Every structure is written in C-alpha cells, then in structure tokens.
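Novice: If you're matching positions, the sequence shown starts at 12 in my numbering and goes up one per residue. For glycine and all other residues, C-beta sits at the position ideal for the given N, C-alpha and C. This one's a predicted model, so the numbers in the text were calculated from it and none came from an experiment. Got a structure for you, written out below as structure tokens; questions coming shortly.
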Amino acid sequence: MYRELFANVTMTPGEVRHVEAVLNDTRSGSVLVRVIDQALPGSPALDIQTASLAGGDDGLVGLDDNDFMGSEVGKTGLRALDTVQDLSLLLVPGRATSATHNAMVSYCEQVREGLVFAVLDPPAAMSATDIIDYVTTTTALGNISEHAAIYWPRVKVLNPSRSVFGSS
C-alpha cells in the first residue's frame, strides 16, 4: 500500500507549490497519479470580498455557567470534549467564575482522570489580595488539585500587527 503526502499545495496557477506542478514533478512528485489542470477557459475568478456579519441568531439568549459545564447526555459544554483524544490543556478564556472553574477542575480530575490540565482564567482587575481571596475562599480552589492552575496577573501582549489586529 502506498501513501503520499504533499503539504502546502495551492490551486493558484503559477505558484511554486501549485498542485499540478508538485504532483507532476519528475523527481519528487507522485508515483501514483498525474494531474492536469482542466479549468474551463473563461471561468470567472473568485470575487474576494470582505463583509461584516450581523443579525445572526444562534438561539442563545445569553450564556451562563451551565452552558460551559454542559451535560454528559447531550455532549454539551465541557462534555463535548469527551471524545477528543489528544486533549491535554483545558481553557475557557473569558469565563472567570467559581462555578466554571470548579467544573473545569472536576472535569480534568474525574472525567479525564488527571490526564488533562486546566488553565483557569483569573477574573479581571483583581489585586493580589483579591486573587488570593478568590482562590482560597470564593472558589475554594487552594490546594485541592494538581490538575489545574490559575495564573495572575493577566499578561498583556502588545499588538504584533496593527494591520491585522486593529490599531489598539
């Protein structure tokens, strides 16, 4: 049985990694197939556009902690990850609540039997005293698990590309 893999090919004619050129290369191309670009003459080029999506409705009125915790029966929330085999880190960015954090720790310890590590997002704008109180009292997470961590302070990364990520 033969298996061939040709990574990073493109359908754009004239490009170095154009699929026809890569597969038909006499030295490094396919030993199984030959391809011929049969694009119809006069086929219109793709009209590339930018558009903002608005007015959508995913059926959710508002998300709460139960949406993130989910259900084993419906495979929703964290339980939607049950069939993901290569899961090693569990993150729920922007959801910094006691209920979600405790559900994440429980999922990692009980459902995933300690094979998944939870990185908990700290609540915003907390002082050192606030975060200590949150971990030890509010969530009661202090010293209960080797399968989770909360990192504070939040790290702010400078915008690497204003053309991609905006001006701020």
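#1: Within the same chain, show all residues whose beta-carbon is closer than 6 Å to that of THR108, passing over the 5 residues directly before and after it, in chain order.
#2: For a test of the three-state rule: what should DSSP assign to VAL130, helix, strand or coil?
#3: Run the CB neighbour count on ASP48, radius 10 Å, all protein chains shown included, and call it buried at 16 or more, exposed below.
#4: Run through the stretch 100-164 for me and flag every whole alpha helix (DSSP H) of 4 or more residues, listed as ranges in chain order.
#5: How many whole angstroms separate the CB atoms of ASN35 and VAL46, which I take to be in contact at a CB cut-off of 8 Å?
#6: Assuming ILE160 contacts LEU131 (C-beta within less than 8 Å), just tell me the rounded distance between them.
#7: Roughly how many angstroms separate the alpha carbons of VAL20 and LEU57, rounded to a whole number?
#8: With C-beta atoms as the reference, is SER172 less than 8 Å away from VAL127?
#9: For THR21, list the residues DSSP reports as bridge partners.
Specialist: Well, looking at it:
#1: ASP76
#2: strand
#3: exposed
#4: 109-117 and 139-144
#5: Distance from ASN35 to VAL46 at the Cβ level is roughly 6 Å; contact confirmed, criterion being Cβ atoms closer than 8 Å.
#6: Ile is not the amino acid found at residue 160; the sequence shown has Ala there. Confirmed, about 7 Å.
#7: 18 Å
#8: Result no, Cβ atoms of SER172 and VAL127 do not sit closer than 8 Å.
#9: Answer is HIS29.
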